[in-house]
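Engineer: Quick one: the structure is below, questions incoming.
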Amino acid sequence: MKIRKRLLGAVIIIALLLAAFYYAKSGQKLSEQREIFGSGKKTTIRLWYTDDSLTDYLTVKAVEFNNLKSKTRVELECVSGLEYLEAINKASVDGENYPDVFIMTHDSLEKAYLAGLAGEIDDEQFLTNEENGYSNAALNAVKYKGKYIAYPYYFETSSLLYNKTYLEDEVKARVQAELDAAEGEAAQAAADATEPADEEEAMESLDASKSESEGAAQEMDQATLDQAVKDMLPNTIEDILVFADNYNAPDAVESVFKWDVTDIFYNYFFVGNYLNLGGPAGDDVSQIDVYNENTINCMSFYQQLNQFFAIEEDEVNYDKVISDFIEGKTVFTVATSDAVAKIEAAKADNKCNFEYGVARMPALNGQYLTRTMSVTDCLVINGYTDHEAEANSFARFLCSENTDSMYTMSGKLIAHGNISYENDSLSAFSDVYSNSVPMPKLMETSNFWVQLEIAFANIWDGENVNDTLRTLSEKVKLQINGEEVKEEVLPDATVTITDAE
Numbered sequence: 010m011k012i013r014k015r016l017l018g019a020v021i022i023i024a025l026l027l028a029a030f031y032y033a034k035s036g037q038k039l040s041e042q043r044e045i046f047g048s049g050k051k052t053t054i055r056l057w058y059t060d061d062s063l064t065d066y067l068t069v070k071a072v073e074f075n076n077l078k079s080k081t082r083v084e085l086e087c088v089s090g091l092e093y094l095e096a097i098n099k100a101s102v103d104g105e106n107y108p109d110v111f112i113m114t115h116d117s118l119e120k121a122y123l124a125g126l127a128g129e130i131d132d133e134q135f136l137t138n139e140e141n142g143y144s145n146a147a148l149n150a151v152k153y154k155g156k157y158i159a160y161p162y163y164f165e166t167s168s169l170l171y172n173k174t175y176l177e178d179e180v181k182a183r184v185q186a187e188l189d190a191a192e193g194e195a196a197q198a199a200a201d202a203t204e205p206a207d208e209e210e211a212m213e214s215l216d217a218s219k220s221e222s223e224g225a226a227q228e229m230d231q232a233t234l235d236q237a238v239k240d241m242l243p244n245t246i247e248d249i250l251v252f253a254d255n256y257n258a259p260d261a262v263e264s265v266f267k268w269d270v271t272d273i274f275y276n277y278f279f280v281g282n283y284l285n286l287g288g289p290a291g292d293d294v295s296q297i298d299v300y301n302e303n304t305i306n307c308m309s310f311y312q313q314l315n316q317f318f319a320i321e322e323d324e325v326n327y328d329k330v331i332s333d334f335i336e337g338k339t340v341f342t343v344a345t346s347d348a349v350a351k352i353e354a355a356k357a358d359n360k361c362n363f364e365y366g367v368a369r370m371p372a373l374n375g376q377y378l379t380r381t382m383s384v385t386d387c388l389v390i391n392g393y394t395d396h397e398a399e400a401n402s403f404a405r406f407l408c409s410e411n412t413d414s415m416y417t418m419s420g421k422l423i424a425h426g427n428i429s430y431e432n433d434s435l436s437a438f439s440d441v442y443s444n445s446v447p448m449p450k451l452m453e454t455s456n457f458w459v460q461l462e463i464a465f466a467n468i469w470d471g472e473n474v475n476d477t478l479r480t481l482s483e484k485v486k487l488q489i490n491g492e493e494v495k496e497e498v499l500p501d502a503t504v505t506i507t508d509a510e
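Counting along the sequence shown from 1, when you hit position 390 you're at 399 in my numbering, and nothing is skipped either side.
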C-alpha cells in the first residue's frame, strides 16, 4: 500500500510540474481563472411569456434544446401580462435580464417593431418553405411592411361546433321515416291490386316485410352514418334555418343555433370576407374598406337572424353558450378551440354524454361567404438581443414541433399545419385557421374592435344598417387620417333571408 501511495504521489507531482511548465510557456499566471477542459462557456437565451399554461411544455422544450445545443442554455420566465411590452422595453434599455425572445399576440407587432423590440427574422425560407406547413393566415400574421418580424407559434380562431349525436339521431329518424313512407305506399299499392279474397294473405306478407325493415335505420354502419351526418352539415346559415324548420328536436333542446352575439370574435365571420382593415397583413393604412355594399348586405343578414334566433344580449356570454351546448340545449354554436377541452372534461366527469364535431363556418347564403378572425401568438426576436443567431435558432426549434404534445400539455394549437391531432375537431380548427383573417396590427385602429362590437350590437337591436356602417367607417378614417371624411351614401341592403320549408 505504501508503494502505491508513493507512486501515486510521484504521478501527481509530475502532473503538477507539467502543468506549471505549460502555464509558464503560455505566459498565463497560475492564479488566473481558466475554463475547465471541455466545459466551454454557454450563451444564455431568455424567453419571456405571460401564459402560465405554457410553463410545463416550454420547460420540456427548453431542456430538449439545451441538450441539443452544447453552447446555449435557455432560461424561461413567466411574467405579468400587464404592460408587457413596456416591461420588455424597460428591461432591454436597462440591459438587465431582458428577454432575447418573447411570446406576444401578433396584433401588437407594429408597436413592438416601431419600439425596436421586434427585428426581422434571419431565415425567411423557414416560414415560406411549403414543407413547413405555414398557411397564408399564419404568414400574414407575422408580416409587417413586407418583412417577417416574428415566427407564428400558436393560434386561436372560431368555427361551427355541432352536436354530432343529435345529427346522427336525426339521420336515423329521417331514414326510418323514408322507409315507413315507402312501405305505406307499397301497402296501398298492394291493397289496390289485390282481390278481396287474397287481401288477408297480402297484408300478412306486408306485415312481415315491415317487421324486417323496422329498426333498419338504427343498424346503419358507422361509415354510412358519418357520411350522412357530413351531408347534413349546413353549407349556409340559411341551411340551419331549414334544418330548424324540419327538426323534431329532443326535449332538452332549447335552441337549434345559439352563439355569443356580444363578442366580436364570434360575430366577425359575418363580415370577415368583405371588410378590409389594413390589407392581407393588416399593416397598410391605405387599405380601409368598412362601408361597402357587401358589408351592408352581410350585416342586414345578421340583423334579420334576430327574428329567427331570439338571443338576448344581456343574457348571453361565451361561457353560458358553451355550458348550454355541453348540456345538450343547442345543436349548433360558434366556438373557439378551448371548447374542445371543456367538452372532453365534461365527458370525463360524466356530465356530457354525446359526441360532437367542428366544421368550417358556413356561408351566409348562396351569395355571401364567411371568414373567421384569428389571433396568432408569435415568437419575437428582441431587437436588443446580443445573441440574435441563438435566439432565432431557439424560436425555429419551438416552431418545429411535429407532434400534438403542445396541445396535450398546454391546450395550444401550433400554427403550422403539419400536426396530426388524435381529436379530429382540433384538426378542423387548424383547417379553419388557414383561411382566417388575422387581426390587424395597425396601432391607429386599436379601438376599432370596440367600435365594431358596438355597431354589431346596435344592428342586432334594430338600428339602420347603412347608417351604422357609414358612421363607423367615417370614425375609422378620421382616426387614421386626422381629417373628417364624409362617405358617399350607398344603396340599402337587398339581401333577404330565405326561410325555405
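Note that CB positions come from ideal geometry on N, CA and C, so glycine has one too.
Thinking just about the alpha-carbon of each residue, which of Ala186, Asp293, Thr507, Ile352 is nearest to the one in glutamate 364?
Structural biologist: Comparing Cα positions, the closest option is Ile352.
Engineer: By alpha-carbon positions, which one of Glu496, Asn490, Glu84, Thr68 ends up nearest to valine 294?
Structural biologist: Ranking the options by Cα distance to valine 294, first place goes to Asn490.
Engineer: What's the gap between the Cα of serine 439 and the Cα of alanine 424?
Structural biologist: Roughly 8 Å separates the two Cα atoms.
Engineer: I want to check one thing, is the minimum distance from the CB of aspartate 109 to the heavy atoms of the ligand SAH below 7 Å?
Structural biologist: In the structure shown, the ligand SAH is absent, as is every other ligand, since no ligand is present at all.
Engineer: So, do the region 141–156 and the region 445–456 have three or more beta carbon pairs nearer to each other than 8 Å?
Structural biologist: Yes: the two stretches touch, three or more of their Cβ pairs being nearer than 8 Å.
Engineer: Please tell me whether lysine 161 and threonine 385 are closer than 8 Å, where the distance is taken between their beta carbons.
Structural biologist: For the sequence presented, residue 161 should be read as proline rather than lysine. Yes, the pair counts as a contact, with Cβ atoms nearer than the cut-off.
Engineer: When you compare only the Cα positions, how much space is there between valine 389 and glycine 420?
Structural biologist: So the alpha carbons of these two residues sit roughly 21 Å apart.
Engineer: Where in the region 260–315 do unbroken runs of the beta strand (DSSP E), each at least 3 residues long, occur, reported from the N-terminal end onward?
Structural biologist: Fully enclosed beta strand (DSSP E) runs of 3 or longer: 264–266.
Engineer: Counting beta carbon pairs with one atom in the region 266–274 and one in the region 319–331, are three or more of them shorter than 8 Å?
Structural biologist: Yes: the two stretches touch, three or more of their Cβ pairs being nearer than 8 Å.
Engineer: Tell me the rounded alpha-carbon separation between arginine 405 and tyrosine 157.
Structural biologist: Roughly 13 Å between the two C-alpha positions.
Engineer: Name the residue from Val251, Thr381, Cys361 whose alpha carbon lies nearest to the alpha carbon of threonine 345.
Structural biologist: Considering only alpha carbons, the answer is Thr381.
Engineer: Mind checking who cysteine 361 pairs with in its DSSP beta bridge?
Structural biologist: Cysteine 361 pairs with nothing; no bridge assigned.
Engineer: Comparing C-alpha positions only, which one of Val88, Arg82, Lys50 sits nearest to valine 64?
Structural biologist: The sequence given here has threonine at residue 64, not valine. Nearest option by C-alpha distance: Val88.
Engineer: Can you give the Cα-Cα distance for proline 259 and isoleucine 331, rounded to whole angstroms?
Structural biologist: C-alpha separation (whole angstroms): 18 Å.
Engineer: Kindly indicate the opening and closing residues of the beta strand (DSSP E) around methionine 113.
Structural biologist: That run of the beta strand (DSSP E) goes 110–114.
Engineer: Using a threshold of 8 Å, state whether the C-beta atoms of phenylalanine 111 and isoleucine 97 are closer than that.
Structural biologist: Cβ distance < 8 Å, so phenylalanine 111 and isoleucine 97 count as in contact.
Engineer: Alpha carbon to alpha carbon, how far is glutamate 86 from aspartate 60? Give it in angstroms, no decimals.
Structural biologist: So the two alpha carbons sit approximately 10 Å from each other.
Engineer: From the DSSP output, read off the bridge partner residues of cysteine 87.
Structural biologist: Tyr58.
Engineer: Under 8 Å Cβ to Cβ from histidine 115, same chain only, skipping five residues before and after it: list those, please.
Structural biologist: Within the same chain, histidine 115 has close Cβ partners Ala150, Val151, Ala159, Pro161, Val384, Thr385, Asp386, Cys387, Pro447, Met448, Lys450.
Engineer: What whole-angstrom Cβ distance do threonine 174 and asparagine 306 have, given they're in contact under 8 Å?
Structural biologist: About 35 Å; that fails the 8 Å criterion.
Engineer: Mapping DSSP to helix, strand and coil, what is arginine 380?
Structural biologist: Three-state DSSP puts arginine 380 in coil, outside helix and strand.
Engineer: How would you call lysine 495, buried or exposed, if buried means at least 16 neighbouring beta carbons within 10 angstroms?
Structural biologist: Counting Cβ neighbours within 10 Å, lysine 495 comes out exposed, since fewer than 16 surround it.
Engineer: Give every residue of the same chain whose Cβ lies closer than 6 Å to the Cβ of alanine 290, excluding the five residues on either side of it in the sequence, and list them in chain order.
Structural biologist: Excluding sequence neighbours, alanine 290 sits near Asn149, Lys152.
Engineer: Asparagine 285 to isoleucine 297, Cα distance in whole Å?
Structural biologist: When rounded, the distance between both Cα atoms is 6 Å.
Engineer: Starting from serine 2, follow the alpha helix (DSSP H) in both directions and report where the run begins and ends.
Structural biologist: Beyond the ends of the chain as shown, which are 10 and 510, falls residue 2; an answer cannot be given.
Engineer: Going by DSSP, which residues form a beta bridge with serine 167?
Structural biologist: Answer is Thr345, bridged to serine 167.
Engineer: Residues in its own chain within less than 6 Å of tyrosine 171 by CB, not counting five upstream and five downstream?
Structural biologist: Hits under 6 Å: Phe341, Gly366.
Engineer: Since I believe leucine 499 is in contact with glutamate 302 (beta carbons under 8 Å), could you give me their beta-carbon distance rounded to a whole number of angstroms?
Structural biologist: Indeed they touch by this definition, with Cβ atoms about 6 Å apart.
Engineer: DSSP beta-bridge partners for aspartate 386?
Structural biologist: DSSP lists Thr114, Tyr163 as partners of aspartate 386.
Engineer: At which residues does the alpha helix (DSSP H) containing serine 402 begin and terminate?
Structural biologist: Looking at the DSSP string, the run of the alpha helix (DSSP H) that includes serine 402 is 397–408.
Engineer: Quick one: residues in its chain with C-beta nearer than 7 Å to the C-beta of threonine 53, no 5 flanking neighbours on either side, listed in chain order?
Structural biologist: Taken in chain order, the residues that qualify are Arg82, Glu84.
Engineer: Hey, threonine 379 and asparagine 282 are a contact pair by Cβ (cut 8 Å); roughly how many whole angstroms apart?
Structural biologist: The pair is a contact, with the Cβ atoms about 6 Å apart (cut-off 8 Å).
Engineer: My understanding is that tyrosine 327 touches phenylalanine 279, with C-beta atoms under 8 Å, so please give their C-beta distance in whole angstroms.
Structural biologist: At roughly 17 Å, the Cβ-Cβ gap does not stay under 8 Å, so tyrosine 327 and phenylalanine 279 are not in contact.
Engineer: Just to confirm my understanding: we take methionine 229, look at its own chain, exclude 5 residues before and 5 after, and list those with CB closer than 8 Å. What are they?
Structural biologist: Closer than 8 Å at the Cβ level, and outside the excluded window around methionine 229, lie Val180, Lys181, Val184, Ala237.
Engineer: How would you label aspartate 292, buried or exposed, when you count the other beta carbons within 10 angstroms and need 16 or more for buried?
Structural biologist: Looking at its Cβ environment, which holds 16 or more other Cβ atoms inside 10 Å, aspartate 292 is buried.
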